[in-house]
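Engineer: My questions all concern the structure below.
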Amino acid sequence: MPYLLLITFAMCVAYGVLWFLFPIFFRTKIQSFSVRSFYSLIYIVVISLAAYAISAMISDPNLGNRIVHAFGGGFLAFFVCYRVAKDSKLPITRFQFFLFSFLLVMALGIANEMLEFYFQTFFQATFSTTVTDTWLDLLSNLIGALIAGVVTTPFIGRESKLG
1 MPYLLLITFA
11 MCVAYGVLWF
21 LFPIFFRTKI
31 QSFSVRSFYS
41 LIYIVVISLA
51 AYAISAMISD
61 PNLGNRIVHA
71 FGGGFLAFFV
81 CYRVAKDSKL
91 PITRFQFFLF
101 SFLLVMALGI
111 ANEMLEFYFQ
121 TFFQATFSTT
131 VTDTWLDLLS
141 NLIGALIAGV
151 VTTPFIGRES
161 KLG
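Using full-length UniProt numbering, you'd call the opening residue of the sequence shown number 1 and step up by one each time.
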């Protein structure tokens with residue numbers, strides 16, 4: 001559980017980093033943080049904790065791990081990208097948003113698996129018993145990212161009352 005809380009914290013930090021990275025990458029003006037940013041951080045924590053709670057209720061630990069990686073990983077990381085793009089009013093196309101966010105989410109998933117490998121190798125922490133689990137984790141991240149992409153991308157470039 002401490003590792004999952006660390007991931008939640010990292011997702012909130014990622015929001016802040018992406019707040020500055022997206023405008024630099026897309027050559028637009030960096031916006032000031034707003035109240036919407038605060039609400040987005042709350043959404044991130046709530047979705048993260050919900051994914052962990054749901055996965056903990058599943059009796060099969062392997063299936064629970066898939067839920068953590070799909071929704072606490074891929075989906076949530078894509079949602080972070082979405083919130084940054086919406087909150088900062090980033091002027092990009094849906095295609096640019098989807099492609100950049102998808103590649104970023106998959107890179108974060110790979111980095112997470114490398115971090116798990118490091119802890120398992122040097123600190124004898126057990127994250128997976130076979131290499132197949134690592135591939136299933138990455139596949140779960142992919143599925144979560146695609147679900148989030150399908151759900152959020154249509155709202156890029158639109159102004160809504162919900163933000």
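No residue lacks a Cβ here, since even glycine has one placed at the ideal position from N, Cα and C. Keep in mind that this is a model prediction, so the values were computed, not measured.
Does the Cβ of residue 63 have 16 or more other Cβ atoms within 10 Å, making it buried, or fewer, making it exposed?
Structural biologist: By the neighbour-count rule (16 or more Cβ atoms within 10 Å), residue 63 is not buried but exposed.
Engineer: Within the same chain, show all residues whose beta-carbon is closer than 7 Å to that of residue 71, passing over the 5 residues directly before and after it, in chain order.
Structural biologist: 51 and 144, listed in sequence order.
Engineer: Look at the alpha carbon of residue 163 and the alpha carbon of residue 4, and state the distance between them as a whole number of angstroms.
Structural biologist: Caution is warranted here: a pLDDT of 49 is assigned to residue 163, below 50, making its placement in the model unreliable, and the coordinate value is therefore given only provisionally. Spanning the two alpha carbons is a distance of roughly 27 Å.
Engineer: Jot down the residue ranges of each uninterrupted beta strand (DSSP E) in the segment 123-163, minimum 3 residues, whole runs only, in chain order.
Structural biologist: Listed in chain order, there is nothing to give.
Engineer: Mapping the DSSP letters down to three states, classify residue 37 as helix, strand or coil.
Structural biologist: Of the three classes helix, strand and coil, the one that applies to residue 37 here is helix, per DSSP.
Engineer: Quick one: grab the DSSP three-state call for residue 58.
Structural biologist: Coil.
Engineer: Between the segment 117-134 and the segment 82-93, can you find at least three pairs of beta-carbon atoms closer than 8 Å?
Structural biologist: Segments in contact, no.
Engineer: Closest by CA to residue 17, which one among 57, 81, 28 and 53?
Structural biologist: Per the Cα distances, 81.
Engineer: Relative to the C-alpha of residue 117, which residue among 135, 102, 29 and 100 is closest?
Structural biologist: Considering only alpha carbons, the answer is 135.
Engineer: Tell whether a beta-carbon distance below 9 Å holds between residue 10 and residue 78.
Structural biologist: No, they are not a contact pair.
Engineer: Nearest to residue 157 by CA position, among 73, 83 and 60, is which residue?
Structural biologist: Comparing Cα-Cα distances from residue 157 to each of 73, 83 and 60, the minimum goes to 83.
Engineer: How many Å lie between residue 140 and residue 73 at the Cα?
Structural biologist: Spanning the two alpha carbons is a distance of roughly 8 Å.
Engineer: Looking at residue 55 and residue 76, is the spacing between their C-beta atoms short of 9 Å?
Structural biologist: No; because the gap between Cβ atoms is not below 9 Å, this pair is not in contact.
Engineer: Going by C-alpha distance, which of 58, 53, 113 and 86 is nearest residue 19?
Structural biologist: Looking at the Cα atoms, 86 is the closest of the given residues.
Engineer: By the 10 Å Cβ neighbour count, where 16 or more other Cβ atoms means buried, how is residue 35 classified, buried or exposed?
Structural biologist: Per the 10 Å Cβ criterion, exposed.
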